[in-house]
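Notes for the one structure printed next.
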Amino acid sequence: EDQVTQSPEALRLQEGESSSLNCSYTVSGLRGLFWYRQDPGKGPEFLFTLYSAGEEKEKERLKATLTKKESFLHITAPKPEDSATYLCAVQAATVGGGSEKLVFGKGTKLTVNP
Amino acid sequence: NAGVMQNPRHLVRRRGQEARLRCSPMKGHSHVYWYRQLPEEGLKFMVYLQKENIIDESGMPKERFSAEFPKEGPSILRIQQVVRGDSAAYFCASSPTGGRGSPLHFGNGTRLTVT
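Residue numbers (my numbering), protein chains in the order written: chain E, 16 to 129; chain A, 17 to 131.
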């Protein structure tokens, strides 16, 4: 069964204090690894897709990396507006094609204090 | 999250009533997914539909839950005879192709409360 584990569950940072969030996964044939941001009362907002080990993607203060077993979301010099829950999800290959569903982790709740 | 429209945003039902949740995907998207989110838990897949077809309903409870995505109109998630355990946030997502790496675009959800 495909599984996604995110750590830590919660993280408090001071503004400007860089850190990383971890996403470990087990999947039978990775088709893509996704990072989302979710604000309270809202739906997840797409950030990145990574396809293969060694790949990196950047957007403003965020950088996502991928290995064969885990992904990291690095946050450089965070600001209070980066406070949110960050979700990791995997899309697995399926026999005969078909469902392209994403399997999500429980998320890391990030709080950035001014 | 602009583009995927879900309504209502909040829905209160008494035990035994029916709940109908609606989702209009982004323009040009023909693939719809429904997820459920409980407090302190991750998003759990329920069902994946294309126009007039259910592709994968492996996450949907066998009893009381059904989903459809008709040729015309929004996708509907229907919960019959609701129980307190059905209280959750239900999210709809859409994608244009459903292919490899195709990200899902989510709506802002319907929060169902069963009293």
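Just so you know, even glycine gets a beta-carbon here, dropped at the ideal spot from N, CA and C.
- Within the region 40-128 of chain A, the runs of beta strand (DSSP E) that reach at least 3 residues and sit entirely inside it are, in chain order, 47-53, 59-66, 69-72, 81-84, 91-95 and 104-111.
- Rounded to whole angstroms, the gap between the alpha carbons of A:Phe85 and E:Ala92 is 44 Å.
- In the displayed model, E:Glu85 falls within a strand according to three-state DSSP.
- Just so you know, the alpha carbons of A:Ser91 and E:Glu32 end up roughly 43 Å apart.
- As DSSP reads the structure, E:Gly47 sits in a beta bridge with E:Gln106.
- At a cut-off of 8 Å between beta carbons, E:Arg52 makes no contact with chain A.
- For E:Val42, no CB of chain A lies under 8 Å from its own CB, so it is not counted at the interface with that chain.
- Any Cβ of chain A closer than 8 Å to the Cβ of E:Val118 would place that residue at the interface, and such an atom is present.
- Within the region 52-70 of chain E, the residues whose Cβ lies closer than 7 Å to any Cβ of chain A are, in chain order, Lys57, Gly58, Pro59, Glu60, Phe61, Thr64 and Tyr66.
- Secondary structure of E:Glu75 (DSSP, three-state): coil.
- A straight-line Cα-Cα distance of about 27 Å links A:Ile71 and A:Pro55.
- Against chain A, the beta carbon of E:Arg27 has no neighbour under 7 Å; the closest one sits roughly 18 Å away.
- The residues Ala107 and Ala108, in chain order, have a CB closer than 7 Å to that of E:Gly44 in the same chain once the five nearest residues on each side in sequence are set aside.
- Counting the other CB atoms within 10 Å of its CB gives A:Val28 a total below 16, which places it among the exposed residues.
- Contacts with chain A at 8 Å (Cβ-Cβ) include E:Arg46.
- Between E:His89 and the set E:Phe63, E:Thr20 and E:Asn128, the nearest pair of CA atoms involves E:Phe63.
- A check of alpha carbon separations from E:Leu26 across E:Ala104, E:Ser34 and E:Lys57 identifies E:Ser34 as the nearest.
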